[in-house]
Amino acid sequence: MIALTINGEPRRFDEALTVAQLIERLELTGKRIALERNGHIVPRGLFGEERLADGDKLEIVVAVGGG
Amino acid sequence: MEPMIIAGKAYASRLLVGTGKYKDFDETRRAIEASGTQIVTVAIRRTNIGQNANEPNLLDAVPPSKYTLLPNTAGCYSADDAVRTLRLARELLDGHKLVKLEVLGDPHTLYPNVIETIAAAKTLVKEGFDVMVYTSDDPIIAKQLEEVGCCAVMPLASLIGSGMGILNPWNLQIIIDNAKVPVIVDAGVGTASDAAIAMELGCDGVLMNTAIAAAKDPILMASAMDKAVQAGREAFLAGRMPKKLYAAAPSSPTSGMISPVKGKAA
Numbered sequence: 001m002i003a004l005t006i007n008g009e010p011r012r013f014d015e016a017l018t019v020a021q022l023i024e025r026l027e028l029t030g031k032r033i034a035l036e037r038n039g040h041i042v043p044r045g046l047f048g049e050e051r052l053a054d055g056d057k058l059e060i061v062v063a064v065g066g067g
Numbered sequence: 068m069e070p071m072i073i074a075g076k077a078y079a080s081r082l083l084v085g086t087g088k089y090k091d092f093d094e095t096r097r098a099i100e101a102s103g104t105q106i107v108t109v110a111i112r113r114t115n116i117g118q119n120a121n122e123p124n125l126l127d128a129v130p131p132s133k134y135t136l137l138p139n140t141a142g143c144y145s146a147d148d149a150v151r152t153l154r155l156a157r158e159l160l161d162g163h164k165l166v167k168l169e170v171l172g173d174p175h176t177l178y179p180n181v182i183e184t185i186a187a188a189k190t191l192v193k194e195g196f197d198v199m200v201y202t203s204d205d206p207i208i209a210k211q212l213e214e215v216g217c218c219a220v221m222p223l224a225s226l227i228g229s230g231m232g233i234l235n236p237w238n239l240q241i242i243i244d245n246a247k248v249p250v251i252v253d254a255g256v257g258t259a260s261d262a263a264i265a266m267e268l269g270c271d272g273v274l275m276n277t278a279i280a281a282a283k284d285p286i287l288m289a290s291a292m293d294k295a296v297q298a299g300r301e302a303f304l305a306g307r308m309p310k311k312l313y314a315a316a317p318s319s320p321t322s323g324m325i326s327p328v329k330g331k332a333a
C-alpha cells in the first residue's frame, strides 16, 4: 500500500502506481493538467514510466479564470 | 496603428484582459471577444480531485489557438511559489514561455512584494521564461526588473481590484521615460477614461480584469475599454496641445466680424 498527498489531501492506494495509472484512478485522463511530484515537474510524456512512491507529495493543476 | 511588441511578437490590440470574476465561462468568452484583446491572463490552481469530473474548462472558452495565454502567479506570496507555479504553467501549456509574474505582499492590499518579485524574475529569466512583471509604481524597481531581463514591466495604477484609477501619473511617466521594454499599466483601472489616461501617458498597453468583470454590463465595458485604449494611444501619438490657463487665442478668426447695427440691442 502507498500513501500519497494529492493537492494537500491524504490518499491511500492498494498498490504502487505510475503517474498515468493515478491520473486514470482520479478520472483525469485526457484533461489538460500539469503535475508536480515533490516539488519537481513530471512531464506529461513521462507519466507512463514515472512510478510513485510512498509519501510522495503531488500537486495537480489546471488553468482557471484569473487576472 | 503600429502594433505592440512583446518578447518579439506583434499584437494589434494593446489591451490585455484577465479571465477572473465572471459569472460563467460564456460571459468570460463574450467579454474577451468584445474587448478585442489578443492576450488573456489565466491562473493556475489545484484541480478538483474526484469531484466534478466533467467540470467545464476555461481553455474551451479562451482557446490557446485563438489567444495568447498569459499564465499568472496571482495569489503567490513567495518567489519560490511563483516560480513553481509558472513551471507548472509551462508544462500545462506545452512549453509556453510568456508569463505574468506577480508576487504579493499581503492579502489585504494585494500590494506587490518587490523583493520576492525580483528574486523570482531572476530565476525565471535564467530558466528561459519571457517574464511580464507586475510591480509597484517605483521607477527604480521597474528599472531593476528590466535589467534583470523582464520583457515587459507592469506597474500598478492603484491597488488590484480597487478601480481607483491612476493615482500617480508622475511615477508612471518616469517609469515610461526610463524604460526600454514595454510598460503596461496593470491593476487599478476602473473605467474607460482611466485606460485612456494610461495610454495618453505613453504606456504601451493596459491590463485589467475587475474593471470589465465587475461592470454592470461586462460585455459593453469590454468594448468601451477597447475603444479607450485605442483612443488613448492615438492621442499619445498625436501629441496633445499644451495646457494653459488662459487661451488668448480663440479657435475662430478674429477678423471679418460683421458690424453691429446702430441703435439695436441684441
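Just so you know, the protein sequences line up as chains F and R, in that order. Here my numbering is used: position 52 in the first sequence is 52, and no number is missing along the way. Count along the second sequence from 1, then add 67; that gives the number in my numbering. Ideal placement from N, C-alpha and C gives every residue a C-beta, glycine not left out.
*CB contact check: F:A3 to chain R, cutoff 8 angstroms*: Within the first sequence, residue 3 of chain F is the residue found at index 3, counting from 1. It does not; no Cβ of chain R falls within 8 angstroms.
*Closer than 8 angstroms at the beta carbon, the chain F residues around R:P138*: Position 71 of the second sequence, counting from 1, holds the residue named residue 138 of chain R. Those within 8 angstroms of R:P138 in chain F are A63.
*the segment 7 to 24 of chain F in contact with the segment 49 to 66 of chain F per 3-pair CB rule at 8 angstroms*: yes
*In chain F, which residues lie less than 8 angstroms from R:V109 when you measure between Cβ atoms?*
Mapped onto the second sequence, residue 109 of chain R falls at position 42. Those are A63, V64, G65, G66, listed as they occur along chain F.
*If you measure from the beta carbon of R:E194 to each beta carbon in chain F, is any gap under 8 angstroms?*
Taking the first residue of the second sequence as 1, we reach residue 194 of chain R at position 127. No, R:E194 does not count as interfacial toward chain F.
*Taking DSSP as the reference, what is the three-state secondary structure of R:P138?*
Position 71 of the second sequence holds residue 138 of chain R. Strand.
*By a C-beta neighbour count over all protein chains shown, 10 Å radius and 16 as the cutoff for buried, is R:D225 buried or exposed?*
What you label residue 225 of chain R is simply residue 158 of the second sequence in a count that begins at 1. The amino acid occupying residue 225 of chain R in the given sequence is Ser; Asp does not appear at that position. So R:S225 counts as buried.
*asked:* DSSP three-state label for R:P249, please.
replied: Stepping through the second sequence from its first residue, residue 249 of chain R is reached at position 182. In the structure shown, R:P249 sits in coil (DSSP, three-state: anything other than H, G, I, E or B).
*Please go through the same chain and pick out, in chain order, the residues whose beta-carbon is closer than 6 angstroms to the beta-carbon of R:G85, but skip the five residues on each side of it.*
On the second sequence, position 18 is the one that residue 85 of chain R refers to. Cβ neighbours of R:G85 beyond the five flanking positions: T108, N276.
*Looking only at C-alpha atoms, which of R:A314, R:E194, R:V296, R:N139 sits nearest to R:P70?*
What you label residue 70 of chain R is simply residue 3 of the second sequence in a count that begins at 1. Taking only the C-alpha atoms, the option nearest R:P70 is R:V296.
*Using alpha carbons as the reference points, say which of R:K189, R:G255, R:P130, R:S260 lies closest to R:L274.*
On the second sequence, position 207 is the one that residue 274 of chain R refers to. R:L274 has its Cα closest to that of R:G255, out of R:K189, R:G255, R:P130, R:S260.
*asked:* Output needed for F:K57: all residues of its chain with C-beta closer than 7 angstroms, excluding positions within five of it in sequence on either side, in chain order.
replied: Start at 1 with the first residue of the first sequence, and residue 57 of chain F comes out as number 57. Excluding sequence neighbours, F:K57 sits near T5, N38.
*asked:* By the DSSP assignment, the beta strand (DSSP E) with R:R81 in it spans what residues?
replied: In the second sequence, the residue the question calls residue 81 of chain R occupies position 14. R:R81 -> no beta strand (DSSP E), and no H or E assigned at all.
*The beta strand (DSSP E) with R:D93 in it runs from where to where?*
In the second sequence, counting from the first residue as 1, residue 93 of chain R sits at position 26. Where R:D93 is concerned, there is no enclosing beta strand (DSSP E), although the alpha helix (DSSP H) it sits in stretches over 92 to 102.
*Under 7 angstroms from the C-beta of R:T202: neighbouring residues of chain F*: For the purposes of this step, residue 202 of chain R is taken as residue 135 along the second sequence, with counting starting at 1. Per Cβ cutoff of 7 angstroms: no residues; R:T202 is ~15 angstroms from chain F at best.
*Neighbourhood of R:M288 by C-beta, 6 angstroms cutoff - its chain only, sequence neighbours within 5 removed*: As a working mapping, residue 288 of chain R is identified with position 221 in the second sequence. For R:M288, where only same-chain residues beyond five positions count, the Cβ hits under 6 angstroms are I279, A282.
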